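**Student:** Okay, handing you the structure first.
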């Protein structure tokens, strides 16, 4: 699998025992897969006791990298040897690779169903609007005190008779910057809006949009 440099760096941090011991790593992998499959996932998905000591910027970067790798593997129908080779290239040892692949196999069918439900013809963006909000506390009543952007996309869906719909999501400036780096190659081949739809529906932390 071909992954961007930013994704590879995120996975390299995830492979580093200095940041993620095996217990923290195992919890993180479960959270990454759950965030893709949960209809109600939000930024609080990373509010786990095991992650308290981690730098939040690093944590979000690793989450973005892991979910991108997961979706790329499902999209390419990657087998164990492909997944293992990809993870070993970024520094995963055998134990971490096995934890990742075991969870991948457990969730694979549901992820394939999710991706297949998105349609084959990517929606076309007609309009984009945004506004700034300030988040004081999250769903766990933890202080956040950070700005976020509410993004609205008006898209035309060729799979549904050309009807239009509005997609809404929120993200931080850091998430937009990460998305800009990750999604540049996808925009070049005209596939990004399919990922916007996928990530929006399941509230993954990274969102595929470029202004």
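In my numbering, the protein residues as written are 15 to 225.
No residue lacks a Cβ here, since even glycine has one placed at the ideal position from N, Cα and C.
In this text the structure is predicted, and so the values were computed from the model without any measurement.
Does the region 18-37 come within contact of the region 76-90, defined as at least 3 CB pairs closer than 8 Å?
**Tutor:** In short, these stretches touch, since the Cβ pair count reaches three.
**Student:** Please report the straight-line C-alpha distance between residue 113 and residue 33, rounded to a whole angstrom.
**Tutor:** The alpha-carbon atoms of residue 113 and residue 33 are separated by roughly 17 Å.
**Student:** Around the C-beta of residue 74, are 16 or more other C-beta atoms found within 10 angstroms, so that it is buried, or is it exposed?
**Tutor:** The residue is buried, with at least 16 neighbouring Cβ atoms inside 10 Å.
**Student:** How many angstroms separate the CA atom of residue 185 from the CA atom of residue 191?
**Tutor:** Going by the C-alpha atoms only, they are around 10 Å apart.
**Student:** Mapping DSSP to helix, strand and coil, what is residue 145?
**Tutor:** Residue 145 falls in the strand class under three-state DSSP.
**Student:** Measure the alpha-carbon distance for residue 162 versus residue 40 and round it to whole angstroms.
**Tutor:** Going by the C-alpha atoms only, they are around 29 Å apart.
**Student:** Quick check on residue 131: does DSSP put it in helix, strand or coil?
**Tutor:** Looking at residue 131 - three-state DSSP - the assignment turns out to be coil, as it is neither helix nor strand.
**Student:** Please return the same chain residues whose Cβ sits closer than 7 Å to the Cβ of residue 111, not counting the five positions on each side in sequence.
**Tutor:** For residue 111, where only same-chain residues beyond five positions count, the Cβ hits under 7 Å are 98, 101 and 102.
**Student:** Who are the Cβ neighbours of residue 50 in its own chain at under 8 Å, not counting the five residues just before and after it?
**Tutor:** Result list for residue 50: 81, 84, 85, 121, 125, 128, 216 and 218, in chain order.
**Student:** When you compare only the Cα positions, how much space is there between residue 137 and residue 170?
**Tutor:** Straight-line Cα distance between these residues: approximately 5 Å.
**Student:** Identify, in the order they occur along the chain, each residue of the same chain with its Cβ nearer than 7 Å to the Cβ of residue 64, setting aside the five sequence neighbours on each side.
**Tutor:** If we look at residue 64 and ignore the five residues flanking it on each side, its Cβ neighbours are 37, 38 and 41.
**Student:** What did DSSP end up calling residue 104 once you bin it into helix, strand or coil?
**Tutor:** Reduced to three states, the DSSP call for residue 104 is coil.
**Student:** Can you say whether residue 189 is buried or exposed, counting buried as having 16 or more other CB atoms within 10 angstroms of its CB?
**Tutor:** Answer is buried; the Cβ neighbour count reaches 16.
**Student:** Assign residue 45 to one of two classes, buried (16 or more other C-beta atoms within 10 Å of its C-beta) or exposed (fewer than that).
**Tutor:** Counting Cβ neighbours within 10 Å, residue 45 comes out buried, since at least 16 surround it.
**Student:** Between the Cα of residue 16 and those of 144, 89 and 187, spot the shortest distance and give me the residue it belongs to.
**Tutor:** Nearest C-alpha to residue 16: 89.
**Student:** Let me confirm a value: residue 148 is counted as buried when at least 16 other C-beta atoms fall within 10 Å, else exposed. Which label applies?
**Tutor:** Label assigned to residue 148: exposed.
**Student:** Reducing DSSP to helix, strand and coil, say where residue 91 ends up.
**Tutor:** Coil.
**Student:** Tell me whether residue 34 sits in a helix, a strand or coil according to DSSP, three-state version.
**Tutor:** Residue state, collapsed to three classes: coil.
**Student:** Answer with buried or exposed for residue 130, where buried requires no fewer than 16 other C-beta atoms within 10 angstroms of its C-beta.
**Tutor:** With fewer than 16 other Cβ atoms within 10 Å, it is exposed.
**Student:** If you reduce the DSSP assignment to three classes, tell me which class residue 180 lands in.
**Tutor:** DSSP places residue 180 in strand when its eight states are reduced to three.
**Student:** Based on the DSSP secondary-structure assignment, which residues constitute the bridge partners of residue 162?
**Tutor:** Bridge partners of residue 162: 147.
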